[in-house]
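Novice: Sharing a structure below in structure tokens format, with a few things to ask.
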Amino acid sequence: EVQLVESGGGLVQPGGSLRLSCAASGFTFTNYGMTWVRQAPGKGLEWVSAISGSDGSTYYADSVRGRFTISRDNSKNTLYLQMDTLRADDTAVYYCAKVVTMNWFDPWGQGTLVTVSS
Amino acid sequence: QSVLTQPPSVSGAPGQRVTISCTGSSSNIGAGYNVHWYQQLPGTAPKLLIYGNINRPSGVPDRFSGSKSGTSASLAITGLQAEDEADYYCQSYDSSLSGYVFGTGTKVTVL
Chain A
1 EVQLVESGGG LVQPGGSLRL SCAASGFTFT NYGMTWVRQA PGKGLEWVSA ISGSDGSTYY
61 ADSVRGRFTI SRDNSKNTLY LQMDTLRADD TAVYYCAKVV TMNWFDPWGQ GTLVTVSS
Chain B
1001 QSVLTQPPSV SGAPGQRVTI SCTGSSSNIG AGYNVHWYQQ LPGTAPKLLI YGNINRPSGV
1061 PDRFSGSKSG TSASLAITGL QAEDEADYYC QSYDSSLSGY VFGTGTKVTV L
């Protein structure tokens, strides 16, 4: 069974940093791109970042480019999102998901809540 | 902000058919990029509902169907059931943004 489990969320002050992790199991991790998607409280889904499985190419939404860094450790089957210079509008549940062939996301993890507040 | 536009809400009685539109532009849906749909039940993570415009993953009832034409796509739910009450999102790729994009989301209410 394919499973994705996020961790690392919590409360952080504006300007602070946090690193999210997504542990993957049940599939050949290196063969797939991975992505982060967030959802602010009561709002819709927003794509944040993606990383390819093969060459590790990275992609970012304009709202996080220069502040967030996506990475992966294929030896640990783990995806990361380093979030720096956090702002109040980064407050959201962050989901990781596997990127499949024609660029759809399946499955998704259960999400981890990041709250940016003083 | 979302570049794919969906109606905020749709509703229908049990057994009825409802449709959700997803309107994009020439840099995403109109450029030929595929559209995918997700269902998000209250308090849970999104779940893939339709991929590649028209395909249903195994386990998704055939009451759900997708279509695409021009710069828009649609999700149809026939034989609406109480368990279909959820938020629905379309998703594609945008060449101008060089990234993935989601629709604004639609809340389906079963009357």
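Chains as they are written, first to last, in my numbering: chain A, 1 to 118; chain B, 1001 to 1111. Ideal placement from N, C-alpha and C gives every residue a C-beta, glycine not left out.
Tell me the residue span of the beta strand (DSSP E) that contains Phe27 (chain A).
Specialist: Careful: Phe27 (chain A) lies outside any beta strand (DSSP E) and carries neither H nor E.
Novice: Please list the terminal residues of the continuous beta strand (DSSP E) segment that includes Thr1106 (chain B).
Specialist: That run of the beta strand (DSSP E) goes Thr1106 to Val1110.
Novice: Grab the span of the beta strand (DSSP E) containing Arg72 (chain A) for me, first residue to last.
Specialist: Where Arg72 (chain A) is concerned, the enclosing beta strand (DSSP E) stretches over Phe68 to Asp73.
Novice: By how many angstroms is the C-alpha of Phe1064 (chain B) removed from the C-alpha of Pro1057 (chain B)?
Specialist: Computed Cα separation, rounded: 11 Å.
Novice: Which residues in chain B sit within 9 Å of Tyr59 (chain A), going by Cβ to Cβ distance?
Specialist: Neighbours of Tyr59 (chain A) on chain B, chain order: Ser1098, Gly1099 and Tyr1100.
Novice: Under 9 Å, Cβ to Cβ, is there at least one residue of chain A near Gln1040 (chain B)?
Specialist: Cβ-Cβ to chain A under 9 Å: yes for Gln1040 (chain B).
Novice: Can you grab the Cα-Cα spacing for the pair Thr85 (chain A) / Ile1020 (chain B), in whole Å?
Specialist: Between Thr85 (chain A) and Ile1020 (chain B), the C-alpha separation is close to 37 Å.
Novice: Nearest-angstrom Cα distance between Lys43 (chain A) and Ala92 (chain A)?
Specialist: Cα to Cα, the separation comes out at about 9 Å.
Novice: Using a cut-off of 7 Å between C-beta atoms, extract the partners of Leu1111 (chain B) located in chain A.
Specialist: Simply none; closest approach about 23 Å.
Novice: Using a Cβ cut-off of 7 Å, pull out every chain A residue sitting near Tyr1093 (chain B), in sequence order please.
Specialist: Per Cβ cutoff of 7 Å: Asn103.
Novice: Can you tell me the Cα-Cα spacing of Leu81 (chain A) and Cys22 (chain A), whole angstroms?
Specialist: Their backbone Cα atoms lie some 9 Å apart in a straight line.
Novice: Alpha carbon to alpha carbon, what distance is there between Gly8 (chain A) and Gly1059 (chain B)?
Specialist: One C-alpha to the other measures close to 31 Å.
Novice: Does Leu18 (chain A) have its Cβ less than 9 Å from a Cβ in chain B?
Specialist: No, Leu18 (chain A) lies away from the interface with chain B (no Cβ there is under 9 Å from its Cβ).
Novice: Verify whether the separation of the beta carbon atoms of Asp1087 (chain B) and Gln1039 (chain B) is less than 9 Å.
Specialist: Yes; because the gap between Cβ atoms is below 9 Å, this pair is in contact.
Novice: Does the beta carbon of Val100 (chain A) come closer than 9 Å to any beta carbon on chain B?
Specialist: At least one chain B Cβ lies under 9 Å of Val100 (chain A).
Novice: Helix, strand or coil: which one does DSSP assign to Gly1030 (chain B)?
Specialist: In this structure, Gly1030 (chain B) counts as helix in the three-state DSSP scheme.
Novice: Identify whether Ala40 (chain A) lies in helix, strand or coil by the three-state DSSP scheme.
Specialist: Coil, per DSSP.
Novice: Can you grab the Cα-Cα spacing for the pair Gly1052 (chain B) / Ser1027 (chain B), in whole Å?
Specialist: So the alpha carbons of these two residues sit roughly 17 Å apart.
Novice: Distance check for Cys96 (chain A) and Gly33 (chain A), CA to CA, integer angstroms please.
Specialist: Near 11 Å, if we compare the C-alpha coordinates of Cys96 (chain A) and Gly33 (chain A).
Novice: Tell me, which residues are paired with Ala97 (chain A) by DSSP?
Specialist: Answer is A:Thr35 and A:Trp108, bridged to Ala97 (chain A).
Novice: Since Gly9 (chain A) is in the beta strand (DSSP E), which residue starts that stretch and which ends it?
Specialist: Unbroken run through Gly9 (chain A): none, as it is neither H nor E.
Novice: So with Cβ pairs under 9 Å, would you call Glu1 (chain A) a contact of chain B?
Specialist: It does not: the Cβ of Glu1 (chain A) has no partner Cβ on chain B nearer than 9 Å.
Novice: So, is the C-beta of Ala40 (chain A) closer than 9 Å to a C-beta in chain B?
Specialist: Output row for Ala40 (chain A): interface = no.
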